[in-house]
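Per UniProt numbering, residue 1 is the first one in the sequence shown, and the count goes up by one each step.
For each residue, glycine too, the CB sits at the ideal point set by N, CA and C.
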Amino acid sequence: MITFVGAGPGAEDLITVRGQRLLQEADIIVYAGSLVNPGLLSMAGADCEIYNSAKMTLEEVMDVMTAGERAGKKVVRLHTGDPCLYGAIREQMDALEKADISYEVCPGVSSFCGAAAALGAEYTLPGVSQSVVITRMAGRTPVPERESIQSFAAHQATMVIFLSTGMLKELSAELISGGYEKETPAAIVYKATWPEEKVLRCTVGTLAETAAAENVTKTALIVVGRILEGEYDRSKLYDPSFTTEFRKGSDTAGQKTE
């Protein structure tokens, strides 16, 4: 069996209990280079073979994993955050299926969750935003035109933008052309949950200069939206006037919270 394991957003103790056990039991670990906290590799046994996939091609990764599985070894492919987001796992799964090799996925805590924790933010505030757009700027990996930053910005939902720290001037322009005001709150979260985490609060119009002032050029998430402001509606679920399956509401009206 080959297991894809989400390493979590950075902090060693934010890997899942299952993921930790799989690392401890692994005979071979192929990990995603500088994106994975190297401290997680200390969980591996003394005889575990460890490979850094940052220095490998897809074919080389597959050769290591398939050879290990066919030798009866437990193989872990360790990805950053949760493997389902920008993890390039579908091509690996397809190759394993073609080779008639079984695999499973152990989910992990995504860095966008770590960023929310660092910000003390709720992405889905009542009366502000009930949707989260997870996307990226087009780079060497293209983005379909229908999924452009500009088109998503028109919805005014919360946006979490991956893999775009090196294109912040262009990102600001796309967000503004899509409908965000320059003064819309934004944040840059560098290495969320790592010891070197930085939280930089700014606006859509000042993303680039804020990052430059702190020398942040990569490994950061951009969060955009009015959820970073102070005002929102109180949750209906816990409103005294709201009746649920478990309690009857009173006549007390819900109120706005600041």
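Q: Quick one: residues in its chain with C-beta nearer than 7 Å to the C-beta of residue 52, no 5 flanking neighbours on either side, listed in chain order?
A: Cβ neighbours of residue 52 beyond the five flanking positions: 31, 33.
Q: State the DSSP-derived secondary structure class of residue 181, mapped to helix, strand or coil.
A: If DSSP states are grouped into helix, strand and coil, residue 181 belongs with coil.
Q. Does the Cβ of residue 111 have 16 or more other Cβ atoms within 10 Å, making it buried, or fewer, making it exposed?
A. Buried: at least 16 other Cβ atoms inside 10 Å.
Q. How is residue 106 classed by DSSP in three states: helix, strand or coil?
A. In this structure, residue 106 counts as strand in the three-state DSSP scheme.
Q: Just confirm the distance between the C-beta atoms of residue 199 and residue 189, as a whole number of angstroms; I'd bet it's less than 8 Å.
A: Right, the Cβ-Cβ distance comes to about 6 Å (below 8 Å), so this counts as a contact.
Q: Taking residue 220 as part of the beta strand (DSSP E), name the residues at either end of that continuous run.
A: Residue 220 -> beta strand (DSSP E) spans 220–224.
Q: Give the DSSP-derived three-state secondary structure of residue 202 in the structure shown.
A: DSSP places residue 202 in strand when its eight states are reduced to three.
(Q) By the DSSP assignment, the alpha helix (DSSP H) with residue 65 in it spans what residues? (A) Residues 58–70.
(Q) Going by C-alpha to C-alpha distance, which of 12, 36, 2, 9 sits closest to residue 28? (A) Residue 2 is the option with its Cα nearest to residue 28.
Q. Shortest alpha-carbon distance to residue 35 belongs to which of 43, 48, 69, 82?
A. Ranked by Cα distance from residue 35, the first of 43, 48, 69, 82 is 82.
Q: Can you tell me which of 129, 134, 43, 179 puts its alpha carbon nearest to the alpha carbon of residue 85?
A: Selected option, being the one with the closest Cα: 134.
Q. Identify the residues that DSSP records as bridge partners of residue 78: which are they?
A. Looking at the DSSP output, residue 78 sits in a beta bridge with 5, 31.
Q.
Taking the alpha helix (DSSP H) that residue 210 belongs to, which residues open and close that run?
A. Per DSSP, residue 210 belongs to the alpha helix (DSSP H) from 207–213.
Q) Assuming residue 39 and residue 191 make a contact with CB atoms under 8 Å, what is their CB distance in whole Å? A) In this structure residue 39 does not touch residue 191 by the C-beta definition: roughly 13 Å separates them, more than the 8 Å allowed.
Q: Using alpha carbons as the reference points, say which of 69, 215, 236 lies closest to residue 100.
A: Shortest Cα-Cα distance from residue 100 to any of 69, 215, 236 involves 69.
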